[in-house]
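Notes to accompany the following structure.
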Amino acid sequence: MSAVKRLFYEGFRVFFLSAGLFAVLAMVIWTGWLAIHATGGLADLPVAMAPQHWHAHEMIFGYGGAALAGFFLTAVPNWTGGKGAAHRFIALAAAVWLAGRLALWASGNLPPAMVAVADLAFAPLLAVQLLSQLLRRPRGPQLLFVAMLALFWLSNLLVHLDWMGLTGTAGQGLRGGLLVLAGMIVVMGGRVTPGFTRNAMVASGREDRLPVNPRPLAAGSVTAAIAVPVACLVGLPETLTGAVALLAGALALSRVALWRGGWTWRRPILWTMHLSYALNAFGLVLLGLAGLGFGSEIAALHLLAIGGVGGMTLAIMSRASLGHSGRALVAPRGVVLAYALLPFAAALRWIGSAFPQVYEPAVLTSGVLWVMAFTLYLAEFWLVWWQPRLPRAPVGSPR
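Reminder that position 353 of the sequence shown reads as 372 in the numbering used here, one-by-one numbering, no gaps.
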């Protein structure tokens with residue numbers, strides 16, 4: 020099988036590659052545009068919407084959409100015990116995702132309705148595939164992801180309706196999309212982070228003081244995390260949405276405190292999940308406080324986006340790429356550095372919004388750190404995505 024054909028035989032390959040490439044390209048464009056304006060220059064982008072809206076949309080629905088697709092197309096066959104998506108479907112889905120990105124980039128010269136159709140086609144295509152597999156062995160917790168994918172699509176629809184001049188909901192849709200991703204981290208990360216940590220601890224011979232994930236706390240945390248984007252999308256008052264976000268963040272922080280994160284400090288592929296989950300939770304807390312009139316909402320949203328969504332997607336993409344290619348679950352050195360760079364990028368971006376006097380250097384440096392992190396990720400996994408799966412995990416793998 021050729022390397023190009025192999026790229027479309029498993030969902031994680033093409034979509035985790037696409038997510039990494041787009042994370043670098045989109046941020047280079049955005050940071051470059053900001054740098055030009057910071058020096059007094061002028062630069063136009065070939066997009067119809069405000070440049071900051073293009074940046075936000077593409078990081079949420081472009082990068083986030085690719086990361087979700089790679090995860091779902093890889094995880095669902097494991098959940099159901101069935102076959103994965105056909106390679107023709109994976110190629111089609113990748114082409115539809117790319118068409119959306121190209122349409123957004125060329126939106127200054129395209130009818131808004133055409134841009135909307137091209138971009139909005141991806142999530143329903145993915146949802147139909149997921150439902151066709153999940154309904155063979157339906158389970159509530161897994162079908163919940165399909166419902167959240169629908170909320171993700173609805174958020175994107177609200178953005179495009181604004182850009183078509185029909186509503187004034189772009190900000191609402193962008194926030195909703197990011198909050199859906201943050202909610203998925205609470206749901207998904209709340210299952211895999213303590214689970215992977217427990218497995219590693221047991222494999223090392225430890226039998227006590229294992230991660231604890233109480234079901235009532237998990238249920239309350241998940242419910243609150245899903246309620247946050249719903250509250251945003253239906254347009255509830257900021258104070259009420261803020262209170263829900265504050266609750267969701269506090270519950271998530273309570274959960275991660277029980278997962279023995281300190282034990283993972285010598286295992287980067289685990290500690291990055293604990294740290295990203297905590298940053299996602301802390302971002303929800305700060306967002307809640309902002310809704311109640313304390314602190315910057317933009318600062319909180321960027322902490323969620325970079326530290327929470329960026330950090331956890333990088334953790335999951337790197338781990339899945341190793342595990343599903345037959346390699347040991349040990350993060351390469353370059354990826355370990357990437358794990359460390361993203362929290363710093365998140366902190367700097369938060370500082371830039373919270374303290375306007377250092378906005379430009381903080382934001383530009385944050386963008387550079389993001390680009391460095393995903394460049395390292397691409398360099399370490401480039402060959403993994405194109406090469407055949409190893410016949411077995413190496414001896415000594417902690418899998």
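Glycine included, each C-beta is placed from N, C-alpha and C at the ideal position.
Computed from a prediction, not measured in an experiment: that's the story for all the values here.
Item: Name the two residues that bound the continuous alpha helix (DSSP H) containing THR99.; Value: 83-99
Item: At 3 residues or longer, what runs of the beta strand (DSSP E) sit wholly inside the region 216-249?; Value: none
Item: By DSSP, does LYS102 sit in helix, in strand, or in coil?; Value: coil
Item: Going by the CB atoms, is the gap between PHE164 and PHE91 shorter than 8 Å?; Value: yes
Item: Determine, using beta-carbon pairs with one atom in the region 131-141 and one in the region 175-187, whether at least three such pairs fall under 8 Å.; Value: yes
Item: Tell me whether ALA350 sits in a helix, a strand or coil according to DSSP, three-state version.; Value: coil
Item: My output table needs one value for PRO70: the three-state DSSP class, helix, strand or coil.; Value: helix
Item: Determine the extent of the alpha helix (DSSP H) in which MET183 is found, giving its start and end residues.; Value: Where MET183 is concerned, there is no enclosing alpha helix (DSSP H), given that its DSSP letter is neither H nor E.
Item: If LEU26 sits next to TRP405, beta carbons under 8 Å apart, how far is it from one beta carbon to the other, in whole angstroms?; Value: 6 Å
Item: Nearest-angstrom Cα distance between VAL390 and LEU44?; Value: 8 Å
Item: Within 10 angstroms of the Cβ of GLY59, are there 16 or more other Cβ atoms? Answer buried if so, exposed if not.; Value: exposed
Item: How should PRO65 be labelled, buried or exposed, when 16 other C-beta atoms within 10 angstroms of its C-beta is the threshold for buried?; Value: exposed
Item: Rounded to whole angstroms, what's the CA-CA distance from SER273 to LYS24? Just pull it up for me.; Value: 45 Å
Item: Taking the alpha-carbon of VAL387 as reference, which of ARG32, LEU53 and ALA38 has the nearest alpha-carbon?; Value: LEU53
Item: Ends of the alpha helix (DSSP H) at ASN299?; Value: 287-310
Item: Please state whether DSSP places GLY342 in a helix, a strand or coil.; Value: helix
Item: Would you tell me roughly how many angstroms separate the C-alpha atoms of ALA262 and PRO410, rounded to the nearest one?; Value: 50 Å
Item: I need the boundaries of the alpha helix (DSSP H) containing PRO143, first residue and last residue.; Value: 141-153
Item: Would you give the residue range spanned by the alpha helix (DSSP H) that PRO380 belongs to?; Value: 378-405
Item: Could you check what DSSP says for ARG32 in three-state terms: helix, strand or coil?; Value: helix
Item: Determine the closest residue to LEU236 out of ALA222, VAL206 and ARG228, with distance taken between C-alpha atoms.; Value: VAL206
Item: What are the boundary residues of the alpha helix (DSSP H) that includes GLU257?; Value: 257-275
Item: Taking the Cβ atom as the reference point for each residue, do ILE204 and TYR296 lie within a distance shorter than 8 Å?; Value: yes
Item: By the DSSP assignment, the alpha helix (DSSP H) with GLU316 in it spans what residues?; Value: 316-321
Item: Less than 8 Å separating the beta-carbons of PHE393 and ALA42?; Value: yes
Item: Can you list, in chain order, the residues of its chain whose CB lies under 6 Å from that of ARG120, leaving out five sequence neighbours each side?; Value: GLY81
Item: Can you tell me where the alpha helix (DSSP H) with VAL253 in it begins and where it stops?; Value: Per DSSP, VAL253 belongs to no alpha helix (DSSP H) and is neither H nor E.
Item: With three or more C-beta pairs closer than 8 Å as the rule, is the region 313-323 touching the region 276-289?; Value: no
Item: Alpha helix (DSSP H) containing ALA62: first to last residue?; Value: Per DSSP, ALA62 belongs to no alpha helix (DSSP H) and is neither H nor E.
Item: Using only the alpha-carbon positions, how far apart do GLY192 and GLN152 sit?; Value: 29 Å
Item: What number of angstroms, rounded off, separates the C-alpha of LEU270 from the C-alpha of ALA246?; Value: 13 Å
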